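K.L.:
Chains as they are written, first to last, in the numbering used here: chain A, 1 to 330; chain B, 1001 to 1478. The C-beta atom is built at its ideal place from N, Cα and C for all residues, glycine as well. Source: prediction; values computed, not measured. Dumping the structure here so I can ask a few things about it.
See the structure below:
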């Protein structure tokens, strides 16, 4: 019996040791960093913050030297319903007069429930590391194990990416030139793909009609209600898009923007919230050097954009920026 | 709790420690309590059903020996069958039976009043029902003596490694082991640990990986043609085998750690050169159950050709129905039965082909291909889905490169390569296991090779298993 238990322990130690080594190598080679790791160090007395999906992650960049305590609560592909849960969970971290930029992208209010989307399970895992179970959609105790592994031993949940990363490192493919502006990519293909995902895929019923996502719309109302209750300044924001993106939307679905703005106007009328629409802002829409692709700003563009918002709503600057008025018809 | 849940990794060491610490005469109690705990972690209220089935079958055994007259034995057997199979019928087939009746009434123009029961299918009901019935039949036949000790008998029925998905044990094998005095065997325990590792590899790396794509394709069939349909077929073939044989490996391996020998349930079935041989290698505990309690009592093959064909088809159709309350399962069983009849008819030419190596390889490939096709009826929820998959497999084959690239597009290049690699490992394992026991062979040959191999296996499970994704064992639904 002792020999058997000894062998089991030795085996477990060997496997765990190799796992830790492979994991360390994977993290080093892939540059892996969990995007949700930032929630382990949310500052107190946040004066300005933003929610949102990748539009929130990429398009907001607060100046480090600023005396304003800021935080970016956005995560890639995050839905408004999770924006609300995150805001609820971290509400004690926000200062009394906090300014909350609530990102409302074109896809935010349409489509089927998040739980029905592809990748829901893998995407949902990231919330296990910082939200309590009651705030996590379809909470599953077994998934919390995977979430823990994903955070601390990402090599064990990388699946097919694990050999891919090591192969690419061996073949030296990781040294490709980084994308700096939208001119570094095939913009036309990227735009077509993005618009398909945002406007068409999973946003329509079998007859091709746009589906209103009631849960997400309610989440938006809930966010605004929470902000009002806490005395925070909520500002709905649609972040800048390249003109090519707007043109593609008009081509794929000429009536789409009318639906979006019609819905948003109802929300604004119901809540009295402020709204800033930068989607067709000429200061951004024609300048490829400010974008990574058709709908995400690069760091330079994000800094300029964020500064505009902070200047208006936090610093209370004199020169109020003038985003172009949204068009309900194209 | 299942073999892949976190609770099991706490449960097993605790039960293992308790079992070996407790004096021999109380070990049946450790097995009994831990087995009921194992089952009740899934659903406490359905433990009543196992208890009822266990008690009724135990009582029947006692009464059969007390009143050995033929008429009394037959009555007791019939009564037990009615009760035990009746419970199975209510939970598994009631709704389906009355839905069929309702359809029949509608077709002939009679008024129908469909009756449905909202009942959850208790996990393992098909398995433990068959296990109890095999005991009762064996006692009635005089093949085994009735067990007087209810606790020991209950431990035999509910032995947790094989409780929910087999192997369906015979009382002649497992019951004496429950009563026997066990000494910890290092060799057996190590063998069991290795088998458990293979089981987890098959289940968590191969089966659960395949399940993702199988469910995706079957969940949206119209979006897939050509290679997509072929992938659905082949992936499910691997999924069902690795899922079920993986479970069996874990069950048998766990039992070995307690010094128990459960029956082998799978023996390289996809390397069988005939369907008849396939059924001597696939779910052996079930196929031998049907052979001993359905096929042979019907007359087996000691009768006319026509009668033999009838016996074969009946056995296979019932076997299909055992798997689930749906005609797709029945058709699956029927397809296998028909294939065996065809093999019977072509016995001489097939045995000539089988004598050559290339002939055996060709027949093995043919058999494997046949199984792939038959499994479509097993997996598809409707005949429409099954026929869709089969009829669209060759769509686009006139452009072979584009046809083949469908697999790459659907799964992603790296995932496809990984799946082929992992399936290849399973195939090699089965190939070496076909005539012998690869675990024993490797263990005897070279200790360093053994350590390297099992460390690599453990790492593959750790890195490539589908952790946290809900992936119940397929045979739990039976």
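Between which two residues does the beta strand (DSSP E) containing residue 236 (chain A) stretch?
P.N.:
First-last of the beta strand (DSSP E) with residue 236 (chain A): 233-238.
K.L.:
Under the assumption that residue 264 (chain A) contacts residue 104 (chain A) (Cβ atoms under 8 Å), give the Cβ distance between them as a whole number of angstroms.
P.N.:
The pair is a contact, with the Cβ atoms about 7 Å apart (cut-off 8 Å).
K.L.:
Short of 6 Å in beta carbon distance, which residues of its chain neighbour residue 1395 (chain B), apart from the five on each side in sequence? Order them along the chain.
P.N.:
Closer than 6 Å at Cβ, skipping near neighbours: 1225 and 1226.
K.L.:
For residue 275 (chain A), which three-state DSSP category applies?
P.N.:
Note: residue 275 (chain A) maps to strand in three-state DSSP.
K.L.:
Within 10 Å of its beta-carbon, does residue 1383 (chain B) have 16 or more other beta-carbons around it, so buried, or fewer, so exposed?
P.N.:
Exposed, since its Cβ has fewer than 16 Cβ neighbours within 10 Å.
K.L.:
At 8 Å on the CB atoms, spell out the chain A contacts of residue 1183 (chain B), in chain order.
P.N.:
Correct list: empty, because the minimum Cβ distance to chain A is about 10 Å.
K.L.:
Would you kindly check if the distance between the Cβ of residue 1035 (chain B) and the Cβ of residue 1155 (chain B) is under 8 Å?
P.N.:
Cβ distance < 8 Å, so residue 1155 (chain B) and residue 1035 (chain B) count as in contact.
K.L.:
CB residue 235 (chain A) to CB residue 99 (chain A), shorter than 8 Å?
P.N.:
Result yes, Cβ atoms of residue 235 (chain A) and residue 99 (chain A) sit closer than 8 Å.
K.L.:
Say whether chain D places a C-beta atom closer than 8 Å to the C-beta of residue 1005 (chain B).
P.N.:
Here chain D cannot be found, since the structure's protein chains are A and B.
K.L.:
Classify residue 282 (chain A) as helix, strand or coil using the three-state DSSP reduction.
P.N.:
Three-state DSSP puts residue 282 (chain A) in a helix.
K.L.:
Please list, in chain order, the residues of the stretch 1183-1209 of chain B that have any C-beta partner in chain A closer than 8 Å.
P.N.:
Result list: 1184, 1186, 1189, 1190 and 1193.
K.L.:
From the DSSP output, read off the bridge partner residues of residue 50 (chain A).
P.N.:
Paired residue(s): A:72 and A:101.
K.L.:
Can residue 1246 (chain B) and residue 1320 (chain B) be called in contact, C-beta distance under 8 Å?
P.N.:
No. Outside cutoff.
K.L.:
Please list, in chain order, the residues of the stretch 1410-1435 of chain B that have any C-beta partner in chain A closer than 7 Å.
P.N.:
Against chain A - using a Cβ distance shorter than 7 Å - the residues of the stretch 1410-1435 of chain B are 1412, 1414, 1415 and 1418.
K.L.:
Report the neighbours of residue 1462 (chain B) on chain A: residues whose CB is nearer than 7 Å to its CB, in chain order.
P.N.:
Per Cβ cutoff of 7 Å: 15, 19 and 156.
K.L.:
Compare the C-beta of residue 172 (chain A) with all C-beta atoms of chain B and state if any pair is closer than 8 Å.
P.N.:
Output row for residue 172 (chain A): interface = no.
K.L.:
For residue 1399 (chain B), which of helix, strand or coil comes out of DSSP?
P.N.:
The answer is coil: DSSP assigns residue 1399 (chain B) none of H, G, I, E or B.
K.L.:
Are the beta-carbon atoms belonging to residue 53 (chain A) and residue 70 (chain A) less than 8 Å from one another?
P.N.:
Not closer than 8 Å, so no.
K.L.:
Residues of the stretch 1033-1058 of chain B in Cβ contact with chain A at a cutoff of 7 Å, in chain order, please.
P.N.:
Answer in chain order: no residues at all.
K.L.:
How should residue 33 (chain A) be labelled, buried or exposed, when 16 other C-beta atoms within 10 angstroms of its C-beta is the threshold for buried?
P.N.:
Under this definition residue 33 (chain A) is an exposed residue.
K.L.:
What residues in the stretch 23-50 of chain A bring their beta carbon closer than 9 Å to a beta carbon of chain B?
P.N.:
If the cut-off is 9 Å between Cβ atoms, the stretch 23-50 of chain A has nothing near chain B.
K.L.:
Per DSSP, what are the beta-bridge partners of residue 297 (chain A) in this structure?
P.N.:
Note: residue 297 (chain A) sits in a beta bridge opposite A:291.
K.L.:
Buried or exposed, going by whether 16 or more other CB atoms sit within 10 Å of the CB of residue 225 (chain A)?
P.N.:
By the neighbour-count rule (16 or more Cβ atoms within 10 Å), residue 225 (chain A) is not buried but exposed.
K.L.:
Taking residue 149 (chain A) as the query, report the chain B residues whose CB atoms sit under 7 Å from its CB, ordered along the chain.
P.N.:
The contacting residues are 1467.
K.L.:
Quick check: the Cα distance between residue 51 (chain A) and residue 159 (chain A), rounded to an integer number of angstroms?
P.N.:
Straight-line Cα distance between these residues: approximately 30 Å.
K.L.:
Can you name the residues that DSSP bridges to residue 204 (chain A)?
P.N.:
A:210.
K.L.:
Which residues of the stretch 1221-1254 of chain B have a Cβ closer than 7 Å to any Cβ of chain A? Give them in chain order.
P.N.:
Against chain A - using a Cβ distance shorter than 7 Å - the stretch 1221-1254 of chain B contributes no residues.
K.L.:
Could you give the first and the last residue of the continuous alpha helix (DSSP H) run that contains residue 181 (chain A)?
P.N.:
Premise fails: residue 181 (chain A) is in no alpha helix (DSSP H) and is neither H nor E.
K.L.:
So is residue 7 (chain A) in contact with chain B if we call contact Cβ pairs under 8 Å?
P.N.:
So, interface residue.
K.L.:
Would you check if there are 3 or more beta carbon pairs closer than 8 Å linking the stretch 1233-1244 of chain B to the stretch 1203-1219 of chain B?
P.N.:
Result yes; three or more Cβ-Cβ pairs closer than 8 Å.
K.L.:
Do the CB positions of residue 1374 (chain B) and residue 1335 (chain B) come within less than 8 Å of each other?
P.N.:
In this structure, residue 1335 (chain B) lies closer than 8 Å to residue 1374 (chain B) by Cβ.
K.L.:
Between residue 1449 (chain B) and chain A, is there a C-beta pair that is closer than 8 Å?
P.N.:
No, no contact with chain A.
K.L.:
Quick one: does residue 1455 (chain B) have its CB under 8 Å from some CB of chain A?
P.N.:
It does: the Cβ of residue 1455 (chain B) has a partner Cβ on chain A nearer than 8 Å.
K.L.:
Taking the alpha-carbon positions, what's the residue 95 (chain A) to residue 308 (chain A) distance?
P.N.:
Distance between the alpha carbons of residue 95 (chain A) and residue 308 (chain A) is about 21 Å.
K.L.:
If distances are taken between C-alpha atoms only, which option among B:1070, B:1201, B:1223 and B:1001 comes closest to residue 1250 (chain B)?
P.N.:
The option with the nearest alpha carbon to residue 1250 (chain B) is B:1201.
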